[in-house]
Amino acid sequence: MAKDRPVFHCRACGSTHPRWLGRCPDCGAWDALEQGTPGEAPPVRAVRLADVEEVPDVARLRTGMPELDRVLGGGLVPGSVVLIGGEPGIGKSTLLLQAGGAIASRTSALYVTSEESLGQVRSRAGRLGVADGSLFVLADTNLARVVEQIRTTKAKVVV
Numbered sequence: 002m003a004k005d006r007p008v009f010h011c012r013a014c015g016s017t018h019p020r021w022l023g024r025c026p027d028c029g030a031w032d033a034l035e036q037g038t039p040g041e042a043p044p045v046r047a048v049r050l051a052d053v054e055e056v057p058d059v060a061r062l063r064t065g066m067p068e069l070d071r072v073l074g075g076g077l078v079p080g081s082v083v084l085i086g087g088e089p090g091i092g093k094s095t096l097l098l099q100a101g102g103a104i105a106s107r108t109s110a111l112y113v114t115s116e117e118s119l120g121q122v123r124s125r126a127g128r129l130g131v132a133d134g135s136l137f138v139l140a141d142t143n144l145a146r147v148v149e150q151i152r153t154t155k156a157k158v159v160v
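Residues in the sequence shown are numbered consecutively from 2, following this note's numbering.
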């Protein structure tokens, strides 16, 4: 039976490392790593809101859809992930294809689908008027291949 190797959690930021280090490489805190076991949740603690350092506003990427930008607080934050959810058939894919097309007119964008064929995406894009050729599309469920295509297309936005 294989012995579980210990892991080390940073008290300051919660990151996990395979061995003890004097300084956390993620947040830079000194002597903050505590030994734990694999699968164990890292230690966390609540802090007063007033003690949390303010983050400066960052430039947001506008989607080109004013109402979506409003809901997103002014557009997409670089490096963020936005989850769109809802009942089947209410227009999530349509909304995101429109947003992808609008974004692709200003920067590189990749639309990834795991439920539709490229032909179905092309047909809907034509109906929506976003089939101008600047949006990359991919139909795949394999994450490694999706990441490869993000790199290949140099997409700044992935939908």
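Glycine included, every Cβ here is placed at the ideal spot set by N, Cα and C. Keep in mind the model is a prediction, meaning the values are calculated, not measured.
| Item | Value |
| --- | --- |
| Does the contact criterion of 3 or more C-beta pairs under 8 Å hold for the region 73-89 versus the region 118-128? | no |
| Answer with buried or exposed for L136, where buried requires no fewer than 16 other C-beta atoms within 10 angstroms of its C-beta. | buried |
| Rounded to whole angstroms, what's the CA-CA distance from L73 to D5? Just pull it up for me. | 43 Å |
| Specify, as a first and last residue, the run of the alpha helix (DSSP H) that G120 falls within. | 119-129 |
| Considering only DSSP beta bridges, list what L50 is partnered with. | According to DSSP, L50 bridges with nothing at all. |
| Quick check on the burial criterion: 16 or more other C-beta atoms within 10 angstroms. Buried or exposed for Q99? | buried |
| Nearest by alpha-carbon distance to L139: which of G130, P19, S118 is it? | S118 |
| Could you work out which residue in T108, E116, C25 is closest to K93 when comparing CA atoms only? | E116 |
| For a test of the three-state rule: what should DSSP assign to R71, helix, strand or coil? | helix |
| Please report the straight-line C-alpha distance between Q36 and V53, rounded to a whole angstrom. | 26 Å |
| Return helix, strand or coil for A110, following the three-state DSSP convention. | strand |
| Considering only residues of the same chain and omitting the five flanking positions on each side of A105, which have a CB-CB separation below 6 Å? | S135, L136 |
| Round the Cβ separation of V8 and P19 to the nearest angstrom and send it over; I've been treating them as touching at under 8 Å. | 6 Å |
| If you measure between the beta carbons of A110 and K157, is that distance less than 8 Å? | yes |
| Quick one: using the 10 Å Cβ neighbour count with 16 as the cut-off for buried, is V113 buried or exposed? | buried |
| If you measure between the beta carbons of T95 and L129, is that distance less than 8 Å? | yes |
| Thinking just about the alpha-carbon of each residue, which of A47, L62, T64 is nearest to the one in P12? | For clarity, residue 12 is Arg in the given sequence; the question names Pro instead. Taking only the C-alpha atoms, the option nearest R12 is A47. |
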